[in-house]
Amino acid sequence: GPKVLQIPSHQIIDMGQMVTLNCDPVSNHLYFYWYKQILGQQMEFLVNFYNGKVMEKSKLFKDQFSVERPDGSYFTLKIQPTALEDSAVYFCASSTDRYEQYFGPGTRLTVL
Amino acid sequence: AQSVTQPDARVTVSEGASLQLRCKYSYSGTPYLFWYVQYPRQGLQLLLKYYSGDPVVQGVNGFEAEFIKSNSSFHLRKASVHWSDSAVYFCAVSYNNAGAKLTFGGGTRLTVRP
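Those sequence lines, one after another, are chains A and B. Mapped onto my numbering, the consecutive letters of the first sequence carry residue numbers 1 to 112. Mapped onto my numbering, the consecutive letters of the second sequence carry residue numbers 1001 to 1114.
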């Protein structure tokens, strides 16, 4: 089936540093999403994105977070600066104008 | 606001046994409902979805689910489980518009004993 790729698979950084998580969505998809999963807990929505704009963001999407997809390339989640509580697995997803979201394998972010 | 409850955090069954994983949702309109499976160190894979019509929907690998509006439930079933079904299963709901976020339940970790 359609594949969403995420780079890197694991990122370790020091608190206060900037990090960019990269997502390569399915090629003909129009909607893009980021979700956060803390170890052992449920998946939680962060933000969705369409036509170059944020559609909706949750309370977890702090001011330090930003998303973009410049020139139709990677869909990125940037955290600047990072905090200890940002340690989690971040999943990217994409969809067409239908409702099925396809998920990537996740990026495990560890903030020290 | 929408929410999803999966009351069983862990379920253990023997191989070949039948399975039901429970899911209840809270939603003001007509929900779109999904079951996803997550294998270790992998992303979520869609098992099945319900938008409208026949309340019993068939998914991959012999899974099915039934939408019962009166009970606000969307339980997942399988007639005979295999050890490879061991994984975490997530129920999710979304609004019926393109690009809508998914709201997930807490997940059920299924262990199938050989």
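Backbone N, C-alpha and C fix where the C-beta goes; we use that ideal spot for every residue, glycine too.
Quickly, what does DSSP pair T1108(B) with across the bridge? List them, please.
Here the question's residue 1108(B) lines up with position 108 in the second sequence. T1108(B) is bridged to Y1089(B).
In three-state terms, what does DSSP make of L39(A)?
The sequence position of residue 39(A) within the first sequence is 39, counting from 1. Looking at L39(A) - three-state DSSP - the assignment turns out to be coil, as it is neither helix nor strand.
What first and last residue would you give for the beta strand (DSSP E) that runs through H1075(B)?
Along the second sequence, read from residue 1 onward, the residue named residue 1075(B) stands at position 75. Taken as a continuous stretch (DSSP letters only), the beta strand (DSSP E) holding H1075(B) covers S1073 to K1078.
Taking W34(A) as the reference, give the member of G16(A), K78(A) and Q41(A) with the closest Cα.
Here residue 34(A) corresponds to residue number 34 of the first sequence, with the count starting at 1. Nearest of G16(A), K78(A) and Q41(A) to W34(A), Cα basis: K78(A).
Let me confirm a value: W1083(B) is counted as buried when at least 16 other C-beta atoms fall within 10 Å, else exposed. Which label applies?
Taking the second sequence and counting its residues from 1, the one referred to as residue 1083(B) is at position 83. Exposed.
Run down chain A in chain order and give the residues with a C-beta less than 8 angstroms from the C-beta of L1110(B).
Start at 1 with the first residue of the second sequence, and residue 1110(B) comes out as number 110. Here the premise fails: no neighbours, minimum Cβ distance about 15 angstroms.
Let me know the secondary structure DSSP gives L112(A) once reduced to three states.
Taking the first residue of the first sequence as position 1, residue 112(A) is located at position 112. Reduced to three states, the DSSP call for L112(A) is coil.
Is the shortest distance between the beta-carbon of E85(A) and the beta-carbons of chain B less than 9 angstroms?
Taking the first residue of the first sequence as 1, we reach residue 85(A) at position 85. Not one chain B Cβ lies under 9 angstroms of E85(A).
Does any residue of chain B have a CB that is nearer than 9 angstroms to the CB of D97(A)?
Mapped onto the first sequence, residue 97(A) falls at position 97. Yes, D97(A) lies at the interface with chain B (some Cβ there is under 9 angstroms from its Cβ).
Of all the CB atoms in chain B, is at least one closer than 9 angstroms to the CB of G72(A)?
For the purposes of this step, residue 72(A) is taken as residue 72 along the first sequence, with counting starting at 1. For G72(A), the answer is no, since every Cβ of chain B falls outside 9 angstroms of its Cβ.
Buried or exposed: where does P25(A) fall if 16 or more other Cβ atoms within 10 Å of its Cβ makes it buried?
Locating residue 25(A) in the first sequence gives position 25, where the first residue counts as 1. Buried: at least 16 other Cβ atoms inside 10 Å.
Looking at C-alpha atoms only, which residue of S1073(B), P1007(B), Y1036(B) and K1069(B) is the closest neighbour of A1087(B)?
Here the question's residue 1087(B) lines up with position 87 in the second sequence. Of the candidates S1073(B), P1007(B), Y1036(B) and K1069(B), the one whose C-alpha sits nearest the C-alpha of A1087(B) is Y1036(B).
Go through its chain and collect everything with a Cβ distance to F1067(B)'s Cβ below 7 angstroms, but skip five positions before and after it.
The count along the second sequence starts at 1 and reaches residue 1067(B) at position 67. Correct list, in chain order: L1033, Y1050, P1055 and F1074.
Quick check on M43(A): buried or exposed, where buried means 16 or more other Cβ atoms within 10 Å of its Cβ?
Here the question's residue 43(A) lines up with position 43 in the first sequence. By the neighbour-count rule (16 or more Cβ atoms within 10 Å), M43(A) is buried.
Residues of the segment 1053-1076 of chain B in Cβ contact with chain A at a cutoff of 7 angstroms, in chain order, please.
Listed in sequence order: no entries.
Return the bridge partner residues of S27(A) from the DSSP annotation.
Numbered from 1 along the first sequence, position 27 holds the residue referred to as residue 27(A). Paired residue(s): none; S27(A) is not in a bridge.
Give, in chain order, every unbroken run of the beta strand (DSSP E) that is at least 3 residues long and sits entirely within the segment 62-95 of chain A.
Correct list: 65-68, 75-79 and 88-95.
Report the three-state DSSP secondary structure of S1028(B) (helix, strand or coil).
The count along the second sequence starts at 1 and reaches residue 1028(B) at position 28. Three-state DSSP puts S1028(B) in coil, outside helix and strand.
When you compare the CB positions of Y1089(B) and L1102(B), do they come within less than 9 angstroms of one another, or not?
Taking the first residue of the second sequence as position 1, residue 1089(B) is located at position 89. Taking the first residue of the second sequence as position 1, residue 1102(B) is located at position 102. No.
Is it right to say G1(A) is buried, meaning 16 or more other beta carbons lie within 10 angstroms of its own, or is it exposed?
For this step, residue 1(A) is matched to residue 1 along the first sequence. When all chains shown are included, G1(A) counts as exposed.
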